[in-house]
Amino acid sequence: MAHRARTSHRASYYANPAKDDITEHDDPLIRQVAAGALGHEKGSVVAVDPTSGRILAIVNQKMAFSAGFEPCSTIKPFIALAGLQEGVLAHDTMIQVGRRRYMNLTEAMAHSNNKFFEEVGRRLGFDRVAKYDHLLGLGQHVGYNIPEEQPGYLPSAPPAYGGVARMSSFGEGIRITPFQLASLVGTLANGGTQYYLQYPRSEQERQNFEPRVRQQLDIAPLLPDLREGMLAAVLYGTARRSFDPYGEQALGKTGTCNDEGIGGRLGWFVSYADQAHPKIVIVVLLHGGGHIVSGPHASQIAGRIYRGLSVRNYFAQSEPAGPSEAAYPELVRASVSTNPSR
Numbered sequence: 016m017a018h019r020a021r022t023s024h025r026a027s028y029y030a031n032p033a034k035d036d037i038t039e040h041d042d043p044l045i046r047q048v049a050a051g052a053l054g055h056e057k058g059s060v061v062a063v064d065p066t067s068g069r070i071l072a073i074v075n076q077k078m079a080f081s082a083g084f085e086p087c088s089t090i091k092p093f094i095a096l097a098g099l100q101e102g103v104l105a106h107d108t109m110i111q112v113g114r115r116r117y118m119n120l121t122e123a124m125a126h127s128n129n130k131f132f133e134e135v136g137r138r139l140g141f142d143r144v145a146k147y148d149h150l151l152g153l154g155q156h157v158g159y160n161i162p163e164e165q166p167g168y169l170p171s172a173p174p175a176y177g178g179v180a181r182m183s184s185f186g187e188g189i190r191i192t193p194f195q196l197a198s199l200v201g202t203l204a205n206g207g208t209q210y211y212l213q214y215p216r217s218e219q220e221r222q223n224f225e226p227r228v229r230q231q232l233d234i235a236p237l238l239p240d241l242r243e244g245m246l247a248a249v250l251y252g253t254a255r256r257s258f259d260p261y262g263e264q265a266l267g268k269t270g271t272c273n274d275e276g277i278g279g280r281l282g283w284f285v286s287y288a289d290q291a292h293p294k295i296v297i298v299v300l301l302h303g304g305g306h307i308v309s310g311p312h313a314s315q316i317a318g319r320i321y322r323g324l325s326v327r328n329y330f331a332q333s334e335p336a337g338p339s340e341a342a343y344p345e346l347v348r349a350s351v352s353t354n355p356s357r
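Residue numbers (the numbering used here): 16 to 357.
Encoded structure:
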């Protein structure tokens, strides 16, 4: 009996996550590479064009279209955005994260430091955190004419466990979908235009596709600080498994937590590439048990996708000359010398 139970669990975890997908709507190259990178892991991949909001591929559509998951630490860039906009945080703000340890925004993003973002959340207060979450589309539909999309959930009061601090570091009490995260990351990637996500499902819809703007956010002056932290995460932080020194430079943020609502462990990675000419947003979500389900592991899967697309010349039309080195040379140096513990 015990042997059968273990076999059943293994079969459910290593089944084909995309076996029920309808594939003809997806970009065939992106779908092939994303499905191959995900393999038999219990997870989902969503790819979006940040310059138009067009959904390029959805691997494991059942999971992607579910009611939502805790965002874990993928909430941190958007809390940072609120903090920068409200003036409670600046690029060089040092926040105490230990008895004798302080961090700035770049390091806190790179290493996903919870105490840093808990303090930013306390400085903002629940009302301002909720205002920005709502402004960015949490708890709402961000797709246009996508009947399967779920709105997720945004609490109307601070969560009982941890309050606004934990809400700001882990997304406690929030239910978010891969589509909402793809929409948010696309907005950071393109400079502040939040498009409605669209998923054309016929040849006519593909030929007649037109981007639809949900809102234009005046956040361009704040984006360099966020991008520096997301790049640092990839170069030497929690997302370093996605780093490819010879491929396209991705920027991203990991997230790892236990989801008390649905049970099990979550691993997120939200990202985009390339930096100079953003062409694709990739969101990877893993769900299951064991330490393999983590944000760093999700970033590794995304790294496989970026490498697979790169070797197939997907980025050939926008080949920047070393964007990360040109923009943040000190981060490139740090990535060579830094070996963090997680």
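Backbone N, C-alpha and C fix where the C-beta goes; we use that ideal spot for every residue, glycine too.
Please read all numbers here as calculations on a predicted model, not as lab measurements.
Query                                                                                                   : Result
Residue interval of the alpha helix (DSSP H) (run including Q100)                                       : 91-101
Y343 versus E243 - alpha carbon distance                                                                : Its pLDDT being 47, under 50, Y343 is placed unreliably in this model, and the value from its coordinates should be taken loosely. So the alpha carbons of these two residues sit roughly 7 Å apart.
Top-ranked residue by Cα proximity to E187, from Y176, D107, L196                                       : Y176
Assigned secondary structure, I189 (DSSP; H/G/I helix, E/B strand, else coil)                           : coil
Run of the beta strand (DSSP E) containing L250, from where it starts to where it stops                 : Here L250 belongs to no beta strand (DSSP E); instead the alpha helix (DSSP H) covers 238-251.
Bridge partner(s) assigned by DSSP for F84                                                              : I191
Bridge partners - M118, DSSP secondary structure assignment                                             : I110
Inter-residue Cα distance where the pair is L212 and T192                                               : 12 Å
CB contact flag (I316, V299, <7 Å)                                                                      : yes
The segment 160-177 / the segment 251-263 touching (three or more Cβ pairs under 8 Å)                   : no
Within 7 Å, strictly: CB atoms of V446 and G267                                                         : No statement about residue 446 is possible, as the shown extent of the chain runs from 16 to 357 and does not include it.
Y168 in three-state terms, based on DSSP                                                                : strand
Assigned secondary structure, A336 (DSSP; H/G/I helix, E/B strand, else coil)                           : Residue placement at A336 cannot be trusted, given a pLDDT of 37 that sits under 50; what the coordinates show is reported in the next sentence. Coil.
Cβ-Cβ distance between A265 and A288 below 7 Å                                                          : yes
Rounded separation between S309 and C272 - CA only                                                      : 8 Å
Buried versus exposed call for M362 [16 or more other C-beta atoms within 10 Å across all chains shown] : An answer regarding residue 362 cannot be provided, because it is not within the stretch 16 to 357 covered by the chain.
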